[in-house]
Structure formats: structure tokens, C-alpha cells
Amino acid sequence: GAHVGGSGLGLSISLEDARLHGGWLQVWGQPGQGAQFRLTVPLTAGTALTSSPLPLRPAALRRTDGDAR
111 GAHVGGSGLG LSISLEDARL HGGWLQVWGQ PGQGAQFRLT VPLTAGTALT SSPLPLRPAA
171 LRRTDGDAR
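Heads up, the final residue of the sequence shown is numbered 179 in our numbering, and it's a clean run with no missing numbers.
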């Protein structure tokens with residue numbers, strides 16, 4: 111059958127990149143439907159992050175009552 115998934119090495123590298131650059135790595139998803147990741151790093155070295163310019167969950171996945179699942 112087809113190989114699904116990886117060894118997790120890319121996730122480990124991304125997490126280390128986030129740490130080294132003063133950023134963060136966030137994830138969301140649903141069982142059986144995969145996961146999405148967002149790596150946020152500062153534009154300028156040494157600048158502290160307070161938020162990401164992108165929403166964590168794409169608009170298509172947000173509920174209309176404002177309660178993110």
C-alpha cells in the first residue's frame with residue numbers, strides 16, 4: 111500500500127527552527143483528517159513575538175459562533 115506519514119524529522123527540525131529564532135510552532139487538526147502547522151518567527155532578529163499575522167485556524171474551519179473547535 112501507499113506510505114502515509116513520515117518519520118517526524120521535519121516536525122523536529124521546524125520546532126528547533128522556531129526555538130532558535132525566538133518564534134513558535136503551532137498545530138491544529140482532527141483525527142483522521144490530518145494536521146496543519148504554523149511556524150511563526152520574528153521579521154527582525156531579537157524582536158519578541160506577541161502574535162502571529164495569520165489566524166491559527168483557517169476561516170473555513172472556524173465555527174460561526176466564535177467558538178473554535
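Just so it is clear, CB atoms sit at the ideal spot from N, CA and C, and this is done for glycine as well. Please read all numbers here as calculations on a predicted model, not as lab measurements.
Just measuring C-alpha positions, the residue of Gln143, Gln140, Val151 and Trp138 sitting nearest Ser124 is Val151. The Cβ-Cβ distance between Trp134 and Leu164 does not fall below 9 Å. A direct Cα-to-Cα measurement between Glu126 and Leu149 gives close to 11 Å. Looking only at Thr154, Gly118, Ser162 and Ser161, the smallest Cα-Cα distance to His131 is reached by Thr154.
Per DSSP, the unbroken alpha helix (DSSP H) holding Gly120 starts and ends at Leu119 to Leu130.
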